[in-house]
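**Q** For what it's worth, my numbering labels the leading residue of the sequence shown as 1, then goes sequentially.
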Amino acid sequence: MQFFDSTQGILFMSVFTIVFILGFLGYLAWKFYKLSGHKPTPGEKSW
C-alpha cells in the first residue's frame, strides 16, 4: 500500500480538518438556533 507523499498528506489533512471544523461549527450553530428560537414542549427532548 502506497502512502501519500508529504505534500499530499498535508493537503489532505488540512482539507479534512477544515471540513470537520466547519461541520462541527455548523452543527453547534444549528443546535443553538433551535434551542434559542424554540421553546421545547413538555415531553420533547431538548437535543
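All C-beta atoms, glycine included, are put in the ideal place defined by N, C-alpha and C.
1. Could you tell me the alpha carbon to alpha carbon distance between F20 and S36, rounded to whole angstroms?
2. Would you tell me roughly how many angstroms separate the C-alpha atoms of F32 and I18, rounded to the nearest one?
3. Would you report the Cα separation of M13 and K34, rounded to the nearest angstrom?
4. Could you spell out where the alpha helix (DSSP H) holding G26 opens and where it closes?
**A** Looking at the atomic coordinates:
1. 24 Å
2. 21 Å
3. 31 Å
4. Segment S6 to S36, the alpha helix (DSSP H) holding G26.
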